[in-house]
Every structure is written in structure tokens, then in C-alpha cells.
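Going letter by letter, the sequence shown gives residues 51 to 199 in the numbering used here.
For reference, the structure discussed in these notes is given below.
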Amino acid sequence: MSVETVQQLLKMTRLLHTNLANSLEKASLSTKNEKVLMLLDYLSLHEKELSRVLALSEQDAQSAAIHTWCVEYFDKHAIALDNIDYSSMTFAEIMRSIVTIHNKIIELYRYLALRAETVVANELLNNLLTLEQHEAMRMVRDAQELEDL
């Protein structure tokens, strides 16, 4: 997917969260470890919710914000969800993978927010950054609680 504007960025990250949710859900069907199954189910639902929130953010965003150009980041950095087989991973490996993916998205939003040329674009990107940061922290916290069961 070619990403040139903030609107396309939102679509890309929404699609990334949706694909991640689908990968996690698929892996949950074939795992035998109960804790890993609960983790995969939880993360899948969480990623679906993030995708839904991003869709709402795109609908609510001001036209000036979503039509802001952001192509320079993608000239140097790529964010893609490889076909990761979560069903063969341990609890810790799954969390490492999820945190790595979310950190890449956080880095992307941070980079773009620092370079946004308009106030509305900066505000939108900072809101997306805060959302991703809080949701990543929440997933880690909830996963730690789950692992302690």
C-alpha cells in the first residue's frame, strides 16, 4: 500500500491492526496451551478494537489533518506485518512480537507528529500517538496479569 497522506496512514495502520487480529485469531485455533490461547484471544480482540477506533478517528478527523502529506517517513522506513505464525510461539515470544509491532507504529506517529506542519495534523498525530502508547501499555499490563494466573 502506498502511503502519502495521513488518511492513507490511518488506513494502513487500521489494516495492520486488522491483519494482526486475524493472525492472532487464526493461531488461537491451533494452540493447545491454555494461557497462550487466552493471550491470543485477548490480543486479537484488542487489535480489532484498535482497528475500529482508527476507523472512527479517520471519520472524525478534519479534512486538513487527513490530507496532510507524510511520504518522507515511508521512503526510509517500512512497516509491514509479515506472516507470523503465533501458534508456535511461547507466551513471551508472542508479547515480544506484539510489542515490537506497536513500537514501530508508535515511532511512526511520533516521527510524523514532530514534523507536522499544521496544528490540526499535529493534534491528530499526537492523539494517535497517545492512543497507541496507552493501548500498548494496557496490552502489556493485561498480558502480565494473565501470565500470573
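Glycine is no exception: its CB is placed at the ideal position from the N, C-alpha and C atoms.
- Sorting 95, 139 and 109 by C-alpha distance to the C-alpha of residue 80 places 139 at the top.
- Residue 93 sits away from residue 156, with the two beta carbons spaced by 8 Å or more.
- If you look at residue 92, you'll find it in the alpha helix (DSSP H) that goes 84 to 110.
- Residue 178 and residue 105 have their C-alpha atoms spaced approximately 12 Å apart.
- Secondary structure note for residue 78: its alpha helix (DSSP H) is the uninterrupted segment 56 to 78.
- Between residue 70 and residue 151 the beta-carbon gap is near 7 Å, inside 8 Å, which marks them as a contact.
- Taking residue 117 as the centre and dropping the five residues before and after it, the same chain places the C-beta of 55 closer than 6 Å to its C-beta, in chain order.
- One thing to note: residue 189 has its Cβ within 8 Å of the Cβ of residue 96.
- Leaving aside the five residues that flank residue 199 on each side, none in its chain has a CB nearer than 6 Å to its CB.
- In terms of CA proximity to residue 100, 65 leads the group 112, 73, 82 and 65.
- Residue 142: member of the alpha helix (DSSP H) spanning 141 to 165, first to last residue.
- Taken atom to atom, the span from the alpha-carbon of residue 175 to that of residue 186 is near 16 Å.
- The beta carbon of residue 78 sits closer than 6 Å to those of 87, 90 and 91, all from its chain and outside the five residues before and after it, given in chain order.
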